[in-house]
């Protein structure tokens, strides 16, 4: 099958979907657009309050979801990356902003305790570069294919990650 | 000519705090740059995990000595979001008024340092003298001069002192006269303009991609100000303009901050006029639910965000602080490359570094 046929089929599928109503809340529209594009990868999409959304995403699909957010849904600004150490998992929380729609999306992905690693998104948003290094430095989360994953706040020869809960002074 | 790396810092007149800028030069031209930070890392996020919610307010002050009030305000907003606390309206007006005073004081301190960097000593003395007017006002309001410990979870620590409105209006009038004078002083200085115009251009696309926020982004033509775009507190009640400039050079960044001071004066006047009578503080719960809270404010340096995770106890499980300047300085190599070594001072000065919040 040629490439042209692929594109044609994709076009048919998108037409068959129910069109978004124009007067719909922009936050709900974004949530539905994410859920439609990645039915397997995302779950628990909610609007916490007007303008603030929350979505959980599988860590294997993080990169493609983020790409879609930037390229199709207009989320051009990566605000913050936070890593949280829970008893049974690490959560990495991405706050991503859309300048035009005035939305803030809280994208949460979790990693198991014995393998704290996710794909780096610093090729999508350049602003993620230092924030990922900070999360690596203080929490020990590995960002795969990061251009320069080194400690940034602590000296390079430090052996611990101080924000982990099992670190005691 | 052979390329070589030069360390500007950690002890260097340009740095205003402990950090190091490594620049790779080919003759006089910068071909690569690499900021090194972390000299002032105090582990504030970890310290906060061992303190109760009210105990963190003075720690949040110490994130940035230039604009400490915005940080404790942000912390209180974040915890109020976590605890679902409604703040009395009078407290919101007092907060908005005081953080605008803090914004003017912070911008004046930036202007003083910037003037000093560029060899305009008279600019340094004038702006530091006039910053004192607002520091005195904040001292009358809060009791201290640098780290205020004034906002509380559920309001502010105490009401306005006697005759505060009169003094504040006088200060604003004085400031507006002074701002005109500064504009003449700085823009009439040939050296200041030569070292600013066309230097350190940050393209709009690069600024957006690299996560630059605040005056540095608005100087590149992106109208993104949380006070307008995602309003918090009583900013929707205020009538003010977002200062933007399209050139993206050092002069544009200077211009945006000057315009912001004008707008801050307007906001202070309106807040004083519209401030209702009533309570200024309510009693907040001691413990927070096992949920998450988020606060965002427009710091003088950009978008400041805190993310707090509660676990049902009286201490936060995790408090994450987003420092605007930490992300902005990561964009410095993009701005610096191609300019001369002598422009580094103007470019890095124009970003308004604050190491306290940068390193946390």
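Residue numbers (our numbering), protein chains in the order written: chain U, 1 to 169; chain Y, 170 to 529. We treat Cβ as the ideally placed atom computed from N, Cα and C, and that holds for glycine.
Terminal residues of the alpha helix (DSSP H) in which residue i lies
i	result
residue 64/U	62–72
residue 423/Y	419–443
residue 244/Y	237–252
residue 258/Y	258–286
residue 343/Y	333–356
residue 26/U	26–37
residue 527/Y	524–528
residue 121/U	Run containing residue 121/U: none; DSSP gives neither H nor E here.
residue 376/Y	373–378
residue 495/Y	493–499
residue 138/U	128–139
Contact check, residue i vs residue j, beta carbons under 8 Å
i	j	result
residue 94/U	residue 104/U	no
residue 65/U	residue 34/U	yes
residue 286/Y	residue 518/Y	yes
residue 508/Y	residue 369/Y	yes
residue 376/Y	residue 358/Y	no
residue 144/U	residue 117/U	yes
residue 275/Y	residue 469/Y	yes
residue 280/Y	residue 292/Y	yes
residue 81/U	residue 135/U	yes
residue 364/Y	residue 501/Y	no
residue 232/Y	residue 491/Y	no
residue 120/U	residue 132/U	yes
Cβ shell of residue i (< 8 Å), same chain only, five flanking positions each side left out
i	result
residue 395/Y	401, 465, 466, 467 and 472
residue 227/Y	241, 316 and 318
residue 290/Y	284
residue 438/Y	338 and 341
For residue i, the first and last residue of its enclosing beta strand (DSSP E)
i	result
residue 55/U	52–57
residue 76/U	Counting along the chain, residue 76/U falls outside any beta strand (DSSP E), and DSSP gives it neither H nor E.
residue 318/Y	Residue 318/Y -> no beta strand (DSSP E), and no H or E assigned at all.
Sequence-distant residues of the same chain with beta carbon closer than 6 Å to residue i, five excluded per side
i	result
residue 380/Y	496
residue 489/Y	476
residue 504/Y	369, 371 and 516
Own chain residues within Cβ distance below 7 Å of residue i, not counting five before or after
i	result
residue 431/Y	348
residue 74/U	98, 100 and 101
residue 506/Y	199, 200, 201 and 202
residue 167/U	160 and 161
Contact test: residue i Cβ vs the ligand SAM heavy atom, cutoff 7 Å
i	result
residue 520/Y	Here there are no bound small molecules, and the ligand SAM is not part of this structure.
Chain C residues whose Cβ lies nearer than 7 Å to that of residue i
i	result
residue 528/Y	Reference to chain C is not applicable here, since the protein chains of this structure are U and Y.
Three-pair Cβ contact test at 8 Å for the stretch 446–455 of chain Y versus the stretch 240–256 of chain Y: yes
Residues of the stretch 484–509 of chain Y whose Cβ lies closer than 7 Å to any Cβ of chain U, in chain order: Close to chain U, meaning a Cβ-Cβ distance shorter than 7 Å, are the following residues of the stretch 484–509 of chain Y: 487, 489, 491, 495, 496 and 499.
Touching by the beta-carbon criterion (3+ pairs, under 8 Å), the stretch 260–269 of chain Y and the stretch 476–493 of chain Y: Contact fails between the stretch 260–269 of chain Y and the stretch 476–493 of chain Y, because fewer than three Cβ pairs, one in each stretch, are under 8 Å apart.
The stretch 119–128 of chain U touching the stretch 204–222 of chain Y, judged by at least three CB pairs closer than 8 Å: Output reads no: the stretch 204–222 of chain Y does not touch the stretch 119–128 of chain U.
At least three beta-carbon pairs within less than 8 Å, the stretch 71–87 of chain U to the stretch 133–153 of chain U: Short answer: they touch.
Contact set between the stretch 348–381 of chain Y and chain U, restricted to residues whose Cβ is under 9 Å from the partner: 375, 377, 378, 379, 380 and 381
Selection of the stretch 149–160 of chain U by Cβ proximity to chain Y, strictly under 7 Å: 152, 153 and 154
Contacting positions in the stretch 200–215 of chain Y - beta carbon closer than 7 Å to chain U: 206, 207, 210, 212, 214 and 215
At least 3 beta-carbon pairs within less than 8 Å: the stretch 415–425 of chain Y vs the stretch 306–315 of chain Y: no
The stretch 155–165 of chain U contacting the stretch 509–528 of chain Y, beta-carbon criterion three pairs below 8 Å: no
Chain-ordered residues of the stretch 390–405 of chain Y with a beta carbon less than 9 Å from chain U: 391, 392, 393, 398 and 399
Against chain U: residues of the stretch 470–485 of chain Y by CB proximity under 7 Å: 472, 474, 476 and 478
Residues of the stretch 241–272 of chain Y whose Cβ lies closer than 7 Å to any Cβ of chain U, in chain order: none
Residues within the stretch 53–76 of chain U neighbouring chain Y, beta-carbon criterion of under 7 Å: 76
Interfacial residues, the stretch 102–130 of chain U to chain Y, with Cβ spacing under 8 Å: 102, 104, 106, 125, 126, 127, 128, 129 and 130
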